[in-house]
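Down below is the structure, laid out as C-alpha cells.
Number of protein chains: 2
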Amino acid sequence: MISCHSVVNLPEARKVAIFGGTHGNEMSGVTLVNLWINNGAEVQRSGLTVKPYITNPRAVEKCTRYVDTDLNRAFTTDNLSLPRIEDLPYEVRRAQEINETFGPKGSSNAYDQSIAPASCSVLLNEHPLLHYSTSRSVGKHPIGVEVGPQPQGVLRSDIFEAMRAVVNHGLDFIELFNGGMEFEPCTVDVYRVSGNMDYPRDKKGNITAMIHPNLQDSDWVPLNPGDPVFQTFDGRTINYEGESTVYPTFINEAAYYEKQQAFVITRKETLKANGIRASNI
Amino acid sequence: MISCHSVVNLPEARKVAIFGGTHGNEMSGVTLVNLWINNGAEVQRSGLTVKPYITNPRAVEKCTRYVDTDLNRAFTTDNLSLPRIEDLPYEVRRAQEINETFGPKGSSNAYDQSIAPASCSVLLNEHPLLHYSTSRSVGKHPIGVEVGPQPQGVLRSDIFEAMRAVVNHGLDFIELFNGGMEFEPCTVDVYRVSGNMDYPRDKKGNITAMIHPNLQDSDWVPLNPGDPVFQTFDGRTINYEGESTVYPTFINEAAYYEKQQAFVITRKETLKANGIRASNI
Ligand SMILES: [Zn+2]
Ligand SMILES: [Zn+2]
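Just so you know, the protein sequences line up as chains A and B, in that order.
Using UniProt numbering, the first residue of the first sequence is number 1, and each one after it goes up by one.
Using UniProt numbering, the first residue of the second sequence is number 1, and each one after it goes up by one.
This is the structure in C-alpha cells:
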C-alpha cells in the first residue's frame, strides 16, 4: 500500500548533457549552448559533469532545420546499427557519433540527462517516434525543453531568457537531489498528446485553408466542439468537430507543414508523483 | 505656379504583374499568387491585363528564401546583360527570364506595375540596391507590398487577408484611374529609410546581444534617444544613442541576420502628392 507520503529512492544523476541545435534554426538552444561552451560557469553545479553540446553543427551553420533528414527522428535502432560509411545521410552519421559519445542508448554508462531545448506546460508525448528516436533519447532521463512560439532563425529575448531559466532550474534540481534533499509527493498537470490535425487540402494535396484567427496564437487555450479552427481561402469557417474540449499546441508551426500537422491535440490530466530522494545518501 | 488643386496627366496602366515567391518562404505572397494562378477572377479588372506570377519557383518548392542568391538583389544591369549560360546562379538566370517576360527594364513595353508582396505604412527606400535590383524593378511603376511580421514558412490568416486587401485596392485604383476618375491632391505620411542598425558583436563577429524586450514587436513605434534597444547575453541594456526620434521597422527579421541588420531606421515625413488623372481620357 502506498501512503500519501510515499518516497521513492532513485540513483543520483552525475552526468548531464545540454543539447542545442538539434534543429539548426531554433535559435534559443543554439545561442545558449554556444554561450555555455564558451563559458560554462553558469551551468556548472557541484558534483555534476555538465556538457553543453551542439548536436547538428552543419544545420546550425546553414541556419536550417536539418541538412539531409530530421535529426530528432534519426536515433532509431536501425540507424544506430548501420555500418558507419560516408554515404549515410549527414544526420544519421551524427546520430551514431552522438550515441557513441553520450550513450550508448540504454547502457548504464549513458548520460543521465540530456536537456534539449517546451513551455512550462508539461507535454506528455508517448508517441514511439518521439519517445525513441529524438536526439535526447540517448540519455537515461531525457527532458525536452521547448519554449515558444519563436520564428525559425529568430532569437527573441523573452523566449531565450525563459529557456535559460528552465535549464538552470533543472540543474539546480539535480544538484539538490544529489545533495540529499527529499522532494515531497505532488500533483502535476500534464497535456497528453492525443493526436494531430492536418490542414484541409484539395485532391492534389495543396492546403485550402489557414488556421482561423481565433485559434492563431492560442496554444494551450481550451478548444471546444464547434469552435472555429480553420478559415478557407474563399472565406468559410471550419469548426472543431471533436466531442470534447482539447488543448491545442504547436499551432501553425513552420516546421510542421511538411509533417502535415496544423496543430497538436492534447488533453489535460493531473498526475500524481511520488516523493523522491537519492538512494545512496 | 502650382495651385493647391493642380492635377497631373499620366498615361493609363494596362499591364499589371503580381509577383509572389521572390523569397520562397514568405507564404502570403506565395499562397495568394498560386491561388490567383488557379483562379484569376478575383484580380481581373476591366481593361487590364493582370498576370499573377511565381518569380522563384525552386525556392518556393524548397520553402527557402532563395536557392543560390537573393533574387531581390539579382536584377542588376550587370546580371541582366550576362550571356545566358547554365553555370549562372539559379536566381540570376531567373532574373534574366523575368526581365525578358515582364520588361525589359526601362523599355516602353515593360509591364506597368509589378506588385511584390509592407505594412500600410509607406516605406520610402531610395537605397540604390533596393531601387534598382529587386524583382519588381522590371516594371515601370513597381510597388512592394510587405505585410508582417510573419515567420518564415508560416501562413497567418491576418497577414494573408491584409495583403490580399492591399493588392485588391491597388487593382481597384488602377481600374478607376484608367476609367477617367480624377484623384485629388493629398498628403501622405512616409517613413524614409535613413540607415540600419546591426546587432552588437564580438571580435569574431558573433552577436553578443538580442533585441531588447521593449523594442521587440514595436515596429513603427517612435524610438527616442536613451530608449533601450539591445539586451546583452550577460544582462546589460544598451540604449539608443541617436540624436532624435526615429521609427524602427523590420525589427529582428530572421532573413536580416545575414545582412547584419537588427532593424531598419526610418524617419517620418509628410509628402504632398499632386492630383492625377489619365492623360488619354
Ligand atoms: Zn526542434
Ligand atoms: Zn521578401
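From the three backbone atoms N, C-alpha and C, an ideal C-beta is built for every residue, glycine too.
CB contact check: residue i to chain A, cutoff 8 angstroms
| i | result |
| --- | --- |
| Met-197/B | no |
| Val-67/B | no |
| Val-154/B | yes |
| Leu-271/B | no |
| Asn-252/B | yes |
| Pro-104/B | no |
| Gln-44/B | no |
| Gln-96/B | no |
| residue 288/B | Because chain B here runs from 1 to 281, residue 288/B falls outside it and cannot be looked at. |
| Leu-35/B | yes |
| Thr-249/B | no |
Reduced DSSP secondary structure (H/G/I, E/B, other) of residue i
| i | result |
| --- | --- |
| Val-138/A | helix |
| Leu-124/A | strand |
| Asn-239/B | strand |
| Arg-73/A | helix |
| Ser-3/B | Legend: pLDDT at Ser-3/B = 46, less than 50; position of this residue unreliable, no value from coordinates given. |
| Thr-101/A | helix |
| Thr-31/A | helix |
| Val-16/A | strand |
| Glu-269/A | strand |
| Asn-214/B | coil |
| Ile-143/B | strand |
| Pro-117/B | Interpretation of Pro-117/B is limited by its pLDDT of 48, a score under 50 that renders its predicted location unreliable; the figure taken from the coordinates is listed afterwards. Note: Pro-117/B maps to coil in three-state DSSP. |
| Arg-45/B | coil |
| Arg-201/B | strand |
| Asn-79/A | helix |
| Asn-9/B | strand |
| Val-221/A | coil |
| Val-264/A | strand |
| Asn-109/A | coil |
Residue-chain proximity (residue i, chain B), Cβ-Cβ < 8 angstroms
| i | result |
| --- | --- |
| Asp-70/A | no |
| Asn-56/A | no |
| Ile-211/A | yes |
| Ser-119/A | The predicted model places Ser-119/A with a pLDDT of 40, which falls under 50 and marks its position as unreliable, so this point remains unresolved. |
| Tyr-90/A | no |
| Phe-233/A | yes |
| Asp-158/A | yes |
| Tyr-257/A | yes |
| Pro-200/A | no |
| Gln-260/A | no |
| Phe-263/A | no |
| Leu-223/A | no |
| Pro-151/A | yes |
Host beta strand (DSSP E) of residue i (start-end)
| i | result |
| --- | --- |
| Gln-231/A | 228-232 |
| Asn-197/A | The residue you asked about is not Asn; residue 197/A is Met in the sequence shown. Element bounds for Met-197/A: 186-197. |
| Thr-249/B | 247-249 |
| Tyr-53/B | 49-54 |
| Ile-207/B | No beta strand (DSSP E) holds Ile-207/B; DSSP gives it neither H nor E. |
Segment limits, alpha helix (DSSP H) that includes residue i
| i | result |
| --- | --- |
| Arg-65/B | Segment: none, Arg-65/B is in no alpha helix (DSSP H) and carries neither H nor E. |
| Phe-177/A | 157-178 |
| Gly-275/A | It is not in any alpha helix (DSSP H) - Gly-275/A instead sits in the beta strand (DSSP E) that spans 275-278. |
Nearest residue (CA-CA) to residue i, options the options
| i | options | result |
| --- | --- | --- |
| Glu-61/A | Gly-226/B, Leu-271/B, Lys-268/B and Asn-206/B | Asn-206/B |
| His-169/B | Gly-103/B, Glu-86/B and Gln-44/B | Gln-44/B |
| Asn-125/A | Ile-143/A, Gly-139/A and Pro-149/A | Ile-143/A |
| Thr-55/B | Thr-77/B, Val-30/B and Gly-242/B | Val-30/B |
| Met-27/A | Cys-63/A, Trp-36/A and Ser-6/A | Cys-63/A |
| Asn-274/A | Thr-266/A, Glu-182/A, Glu-243/A and Asp-219/A | Glu-182/A |
| Glu-161/A | Ala-209/B, Arg-164/B and Gln-152/B | Ala-209/B |
| Asn-252/B | Val-122/B, Pro-149/B and Asn-39/B | Pro-149/B |
| Asn-214/A | Glu-241/A, Ser-279/A and Gln-231/A | Gln-231/A |
(Q) I want to know whether the segment 16-27 of chain B touches the segment 70-85 of chain B - three or more CB-CB distances under 8 angstroms. (A) yes
Q | Validate contact between the segment 180-199 of chain B and the segment 261-272 of chain B using beta carbons, cut 8 angstroms, 3 pairs | A | yes
Q.
Contact between the segment 97-112 of chain A and the segment 6-20 of chain A is defined here as three or more beta-carbon pairs at a separation below 8 angstroms; is this criterion met?
A. yes
(Q) Contact between the segment 40-52 of chain B and the segment 173-181 of chain B is defined here as three or more beta-carbon pairs at a separation below 8 angstroms; is this criterion met? (A) yes
**Q.** Validate contact between the segment 150-161 of chain A and the segment 87-103 of chain A using beta carbons, cut 8 angstroms, 3 pairs
**A.** no
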